[in-house]
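In the numbering used here, the protein residues as written are 30 to 642.
C-beta: ideal position from N, C-alpha, C; glycine also.
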Ligand code: AGP
């Protein structure tokens, strides 16, 4: 999500840091900052001017005092605390003698911040990251060296982090540490480097090493020393990288879309992080709508466009089933023109990865005019929708660059399922033990998403068999229906092939007339409640000569027997199945689009965010 760069010992540190940050720009960012080791101590500058922040920072750095021996830089994509100068990194301790940049999410930051404040620390931002600076400060005050202080800090925090710390007392040293979020340390000619990802280091590094979980590195112009959580020296794993900057920005994938599809385990894990308590409760920190108000809600409307609408459709099934609340779902561009009945006991949920889609924004504005409570699910902190809503649930998928939504869609699905269970808890429609059991299944999702990706490795071979087809139908029942819609949308968007998503049971009421030899029908046939009925629908299409591709649970040969090709996914709770079932469909669309030579990141006629009506 955020980008980190740190450099010590080269000739022009500020320029190298700015160049490194520019190379991380592709990740998307809302603010940026640097801390430079200059003659009189640390010099820190931050800018929060959206995509112009780096230009602002460059201007500020040109006025930095004296020569500089080392420094760290950061591009921020907000997850906790809105994009603003005070929330931008680096963060500092109370005395301004150290500076920290961080990528990840500190799950127990509220708890830590309260203890730090009680101990007299002055925290100035609303980020989770700032606690790191004060924890390191505290350990140093107790006599620890910088490296031991970082290790001590790591022991106190839960969650994911890649962090780099510099201290004015040792101007050429950077201490880097990681857990879950990646961090790379590197050596160069008489210089030491650290970065969140490879592109920032290409051309400079002579050797790169990936830090493992809970490892701490001391990076200085003389080299890199890595130790584990106990302080014992370890030999870091050397990375063999032969990418150019462009390939490295795509993480070695051919395009951003494929990279983002493979980032889905992290997108799901990030969205769940800190929200499923060990004792089996759902925690929603930015909810802001009172629990009592939510209990009194009589009706829920979900408004969204495109993929976000499909995520909303899945949520309708989950919310009605678990929270027993009536849910209507509307395409946002239709909502305010149909005179919906709204009042203060209505909850309107706007789902939008960008938080800027004009149709959805206008729909939530309309809802507010009618006194409805408005909750927004957005991937962009402080987006227009997030600012105007009563409450927000942020998906933490990181910036999505490919026009076709992939990782943000999965993140929306899990965010909305978490919300459904939260409402069920409030309304008492599920027993705590039932919620706790469902949360346990949810915790398995990131690993299962990774498994689904692994299981789709032969997707290019499968797709090649259908490369000459011109007509595609995607069918599913129950929550398989929104998955079918999403599979068809992905195919349309990037391959430009004609694809329709249908509820499988509806096919025989008309569209089945379109089926002929060579039409491809893709069915969502995982073992959910209506599997038998789904298989009857599959038999109907086979009888009309269609070629059948089925999404089936791993090892389900009974389902595979009715298919010309099978796309395998792990099994899970039926209402979580969309999170996994959609993955091979994203890849199927991707493979067909690539086979047709299309630019999958920038499909024709489409914009990533639609800000016109
Ligand atoms: C999805 O692949 C599309 N690019 C598009 O349908 C998108 O989901 C829609 O425009 C909504 O965008 P939003 O989530 O940013 O509001």
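Apply the 10 Å Cβ neighbour rule to residue 538 and answer buried if 16 or more other Cβ atoms are within range, or exposed otherwise. So residue 538 ends up on the exposed side.
Proximity winner among 170, 134, 156 and 128, relative to residue 148 (alpha-carbon distances): The alpha carbon of residue 148 has as its nearest neighbour, out of 170, 134, 156 and 128, the alpha carbon of 170.
Three CB pairs or more closer than 8 Å across the stretch 518-525 and the stretch 603-619: Verdict: yes, contact present.
Quick check on DSSP: helix, strand or coil for residue 300? Here residue 300 sits in helix by DSSP.
Take residue 186 as the anchor and find which of 195, 193, 208 and 108 has the nearest alpha-carbon. For the residues 195, 193, 208 and 108, the minimum Cα distance to residue 186 belongs to 208.
For residue 61, is the classification buried or exposed, using 16 other Cβ atoms within 10 angstroms of its Cβ as the cut-off for buried? Burial is judged here by how many other beta carbons sit within 10 angstroms of a residue's own beta carbon; residue 61 has at least 16 and is buried.
Hey, residue 554 and residue 560 are a contact pair by Cβ (cut 8 Å); roughly how many whole angstroms apart? About 7 Å; that satisfies the 8 Å criterion.
Pull up the CB-CB distance for residue 470 and residue 557, whole angstroms please, since I reckon it's below 8 Å. That pair is no contact at about 14 Å.
Using a Cβ-Cβ cutoff of less than 7 Å, which residues in the same chain neighbour residue 477 once the five nearest sequence positions on both sides are dropped? Closer than 7 Å at the Cβ level, and outside the excluded window around residue 477, lie 599, 601 and 609.
Going along the chain, which residues of its own chain have a beta-carbon closer than 8 Å to the beta-carbon of residue 225, five neighbours each way excluded? 31, 32, 33, 34, 53, 132, 191, 210, 211, 212 and 213, listed in sequence order.
Near ligand 1: residue 381 beta-carbon under 8 Å from a heavy atom: Yes, the Cβ of residue 381 comes within 8 Å of a heavy atom of ligand 1.
How would you write the range of the beta strand (DSSP E) that residue 503 sits in, first residue to last? Per DSSP, residue 503 is one residue of the beta strand (DSSP E) stretching across 500-505.
In the DSSP assignment, find the unbroken alpha helix (DSSP H) run with residue 359 in it and report its ends. It is not in any alpha helix (DSSP H) - residue 359 instead sits in the beta strand (DSSP E) that spans 355-360.
Answer yes or no: the CB of residue 182 versus the heavy atoms of ligand 1, is any distance below 8 Å? Within the chosen limit of 8 Å, ligand 1 does not reach the beta carbon of residue 182 with any heavy atom.
Alpha carbon to alpha carbon, how far is residue 425 from residue 440? Give it in angstroms, no decimals. Taking C-alpha positions only, residue 440 is separated from residue 425 by approximately 7 Å.
To the nearest angstrom, how far is the alpha carbon of residue 369 from that of residue 106? Their backbone Cα atoms lie some 36 Å apart in a straight line.
What do you get for residue 307, buried or exposed, if any count of 16 or more other CB atoms within 10 angstroms of its CB means buried? Here residue 307 is exposed: its Cβ has fewer than 16 other Cβ atoms, across all protein chains shown, within 10 Å.
Would you say the beta carbon of residue 386 comes nearer than 8 Å to a heavy atom of ligand 1? Of the heavy atoms belonging to ligand 1, at least one sits nearer than 8 Å to the Cβ of residue 386.
Along the alpha helix (DSSP H) that carries residue 494, what are the first and last residues, could you check? Boundaries for residue 494: no alpha helix (DSSP H) harbours it, and the DSSP string shows neither H nor E there.
For the stretch 431-485, which segments carrying the alpha helix (DSSP H) assignment without a break, of at least 4 residues, lie completely within its bounds, in sequence order? Complete alpha helix (DSSP H) runs here, min 4: 436-456, 461-472 and 474-484.
Simplified DSSP state of residue 289, which is helix, strand or coil: Three-state result, residue 289: helix.
From the DSSP secondary-structure annotation, give me the bridge partner or partners of residue 532. Partner residues in the beta bridge of residue 532, as assigned by DSSP, are 505.
Name, in chain order, the residues that DSSP records as bridge partners for residue 247. Residue 247 is bridged to 204 and 254.
Specify the secondary structure class of residue 366 as computed by DSSP and reduced to three states. Residue 366 carries a coil assignment under DSSP once its states are collapsed to helix, strand and coil.
Between the beta-carbon of residue 217 and the beta-carbon of residue 39, is there less than 9 Å? Yes.
If I follow the unbroken beta strand (DSSP E) through residue 275, where does it start and stop? Looking at the DSSP string, residue 275 is not in any beta strand (DSSP E); the run it does join, the alpha helix (DSSP H), is 274-278.
Could you tell me the boundaries of the alpha helix (DSSP H) in which residue 111 lies? That residue, residue 111, is in no alpha helix (DSSP H); it is neither H nor E in DSSP.
Spatial neighbours of residue 722 within its chain, please: CB distance less than 7 Å, with the 5 preceding and 5 following residues excluded, ordered by chain position. The requested residue 722 is not part of the displayed model; the chain covers only 30 to 642.
Any heavy atom of ligand 1 within a distance shorter than 8 Å of the CB on residue 276? No, ligand 1 has no heavy atom inside 8 Å of this Cβ.
How about residue 519: is its Cβ closer than 8 Å to a heavy atom in ligand 1? Checking the Cβ of residue 519 against ligand 1 gives yes.
Unbroken alpha helix (DSSP H) run spanning residue 196, endpoints: Not the alpha helix (DSSP H): residue 196 falls in the beta strand (DSSP E), residues 188-196.
Can you give the Cα-Cα distance for residue 399 and residue 303, rounded to whole angstroms? Between the C-alpha atoms of residue 399 and residue 303 there is a straight-line separation of about 33 Å.
Cβ-based burial, residue 320 [other Cβ within 10 Å; buried from 16]: Label assigned to residue 320: exposed.
Per-residue DSSP class, three states only, for residue 224: In the structure shown, residue 224 sits in a strand (DSSP, three-state: E or B).
By how many angstroms is the C-alpha of residue 545 removed from the C-alpha of residue 362? The alpha-carbon atoms of residue 362 and residue 545 are separated by roughly 34 Å.
What do you reckon, is the C-beta of residue 434 under 8 Å from a heavy atom of ligand 1? At least one heavy atom of ligand 1 is nearer than 8 Å to the Cβ of residue 434, so yes.
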